[in-house]
Amino acid sequence: MDMVFTIAGIGEARDRKNKVLDYVDAQTEVEWRGFKTFKNNTASWDDFVKEIVKSYPEALDGAGSVTVLDKICKTHTRMGTEDRPEINSFIRKFRAQAAELMEDKGVYGNGQLVQKFLKCFKPSFSKLVLLRALQIYGHHASPARKRHKDNKYDLDEIIEVVQLVLEDALDRDKDEFERREKRISKDIKVNTEPAETEETMANLQDSVMAMGKEIKSYTQTLQQTLQQEFRSMAQALNTRHSMGQATQASYNNISQTAGSLGRCFHCWEPGHRHYNCPHMKRQVAEGKLILVDGKPRLKNGDSVPPEPTTISPKDRIELVADQKAESFYNWSTNPTSTSDIACENITFSMFTNTVRDSRDDMIERLSQEREGIREEFQAKMDESCATFISTRSTATAEEVQQHNSKDF
Numbered sequence: 082m083d084m085v086f087t088i089a090g091i092g093e094a095r096d097r098k099n100k101v102l103d104y105v106d107a108q109t110e111v112e113w114r115g116f117k118t119f120k121n122n123t124a125s126w127d128d129f130v131k132e133i134v135k136s137y138p139e140a141l142d143g144a145g146s147v148t149v150l151d152k153i154c155k156t157h158t159r160m161g162t163e164d165r166p167e168i169n170s171f172i173r174k175f176r177a178q179a180a181e182l183m184e185d186k187g188v189y190g191n192g193q194l195v196q197k198f199l200k201c202f203k204p205s206f207s208k209l210v211l212l213r214a215l216q217i218y219g220h221h222a223s224p225a226r227k228r229h230k231d232n233k234y235d236l237d238e239i240i241e242v243v244q245l246v247l248e249d250a251l252d253r254d255k256d257e258f259e260r261r262e263k264r265i266s267k268d269i270k271v272n273t274e275p276a277e278t279e280e281t282m283a284n285l286q287d288s289v290m291a292m293g294k295e296i297k298s299y300t301q302t303l304q305q306t307l308q309q310e311f312r313s314m315a316q317a318l319n320t321r322h323s324m325g326q327a328t329q330a331s332y333n334n335i336s337q338t339a340g341s342l343g344r345c346f347h348c349w350e351p352g353h354r355h356y357n358c359p360h361m362k363r364q365v366a367e368g369k370l371i372l373v374d375g376k377p378r379l380k381n382g383d384s385v386p387p388e389p390t391t392i393s394p395k396d397r398i399e400l401v402a403d404q405k406a407e408s409f410y411n412w413s414t415n416p417t418s419t420s421d422i423a424c425e426n427i428t429f430s431m432f433t434n435t436v437r438d439s440r441d442d443m444i445e446r447l448s449q450e451r452e453g454i455r456e457e458f459q460a461k462m463d464e465s466c467a468t469f470i471s472t473r474s475t476a477t478a479e480e481v482q483q484h485n486s487k488d489f
């Protein structure tokens, strides 16, 4: 309206106040007439305009608004060198709002705006900008600058440094791209087409997955077979153990019955006990048995055979002396203890305390097959890894070193 009034030749404050009411609605006209600066003839036109703007908060949220600046910073966050277009747009918006806030309204100082500006970037990018600013402009406390620690650089200086960092990053990207193109054209000789390389990798992955499934299936089958064989062995051992327990129980029952009837445990005859049994004394004198801690033992130190259970221990000792009975019952009267008999010609099982049989052969055969499949699978895996490295690995020591030297 200032320009309109100037062109129209309206210069007096009262005339301008009255004329501006022609451009508003009736309700607004009533409200503006109530302003103190409208009623006061000594108030200037500028005072009237300031009172109007102050009464409309949304007017303060226009150009140079703190709210608008906050929205800009929320929209543009954690930017880096890869966000060049976004950074340029952010700089334009931020600089326009910052100028209004510093010059016209004095809401923000330069140091506060610089801090707010740098928070919109990644921490690594902000540190790089501050380092470059230190290299270009020097220390804030140097005689040439003499600035406060909270206001080290101007906003325009920081913006200029940001643009320099973006240009350097663009140059590095171009140089690295050219070097990578040269290296690819020089080193890769097997598969030059990306599609062909991807197809090779897919085939290798399918092969590895197929071998893995095959190994898993075979391992499950092998485990089931071994478990079944082990169950069969356990049942056989339990059967033998049960038979031995039954025989011993039968012998114990007969002996206990003889004792309960007042008979001798050794000869099962009435009228005496085993410690003064005449038959035991006779057999000791004849050398058919010996006494160990008062208990009868065969002359080789072994226990009296528990079978046959239908005859007394005395009769069993007599049968031991009989060569025919010894051969029939597989008894041994060798003076050497049965636990010391040489076993050079006997091969025992690695899985049970019995003589080796066909089940041991089957377990060893399955174990050998499993090891063979495992070695074959490992060889195929090594071959696949070697092919993968030769077709996909294009990094050199120089490239890795350059990559690690990047600041972000």
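The sequence shown begins at 82 in this note's numbering and counts up by one. Note that the Cβ used here is the ideal one computed from N, Cα and C, for glycine as well. Keep in mind that this is a model prediction, so the values were computed, not measured.
Through-space distance from residue j to residue i, alpha-carbon basis
i	j	result
L400	L379	12 Å
K120	V134	17 Å
A49	K197	Any question about residue 49 goes unanswered here, given that the chain covers just 82 to 489.
R440	A366	49 Å
F206	R213	11 Å
E457	Q309	27 Å
K230	L211	13 Å
A94	E181	27 Å
R97	E110	14 Å
P386	Q316	26 Å
M82	V101	8 Å
D374	A402	23 Å
E450	T391	52 Å
Y104	I88	17 Å
A222	Q193	18 Å
N319	W349	32 Å
F116	F86	21 Å
K208	D252	20 Å
H157	S146	17 Å
R226	V130	41 Å
S384	L370	10 Å
A283	E257	29 Å
I153	D128	31 Å
Q304	M292	18 Å
D463	V242	51 Å
E112	E132	12 Å
L247	Q286	41 Å
T468	T306	37 Å
I398	R437	33 Å
D442	V289	32 Å
Extent of the continuous alpha helix (DSSP H) run through residue i
i	result
K376	Segment 376-379 is the beta strand (DSSP E) holding K376; no alpha helix (DSSP H) there.
V373	Not the alpha helix (DSSP H): V373 falls in the beta strand (DSSP E), residues 370-373.
R97	94-101
V363	The identity of residue 363 in the sequence shown is Arg, whereas the question assumes Val. Its alpha helix (DSSP H) spans residues 359-367.
T148	147-156
R437	It is not in any alpha helix (DSSP H) - R437 carries neither H nor E in the DSSP assignment.
E399	394-402
D128	126-136
I88	83-89
V111	107-114
T118	117-120
Within-7 Å CB hit, residue i to chain D
i	result
A180	No chain D appears in the structure shown, which is made up of a single protein chain.
Strand pairing of residue i, partner residues [DSSP]
i	result
R344	P351
Exposed unless 16 or more other CB atoms sit within 10 angstroms - verdict on residue i
i	result
R344	buried
R455	exposed
T300	exposed
C424	Residue placement at C424 cannot be trusted, given a pLDDT of 46 that sits under 50; what the coordinates show is reported in the next sentence. By the neighbour-count rule (16 or more Cβ atoms within 10 Å), C424 is not buried but exposed.
S393	buried
I240	buried
C466	exposed
L499	In the structure as shown, the chain begins at 82 and stops at 489. Residue 499 is therefore absent and cannot be evaluated.
P351	exposed
K395	buried
M29	This structure leaves residue 29 out entirely; the chain is present only between 82 and 489.
Q364	buried
K233	buried
Y356	exposed
P377	buried
H220	exposed
N191	buried
T302	exposed
Worksheet entry | Continuous beta strand (DSSP E) assignments of at least 3 residues falling wholly in the stretch 160-248 | none
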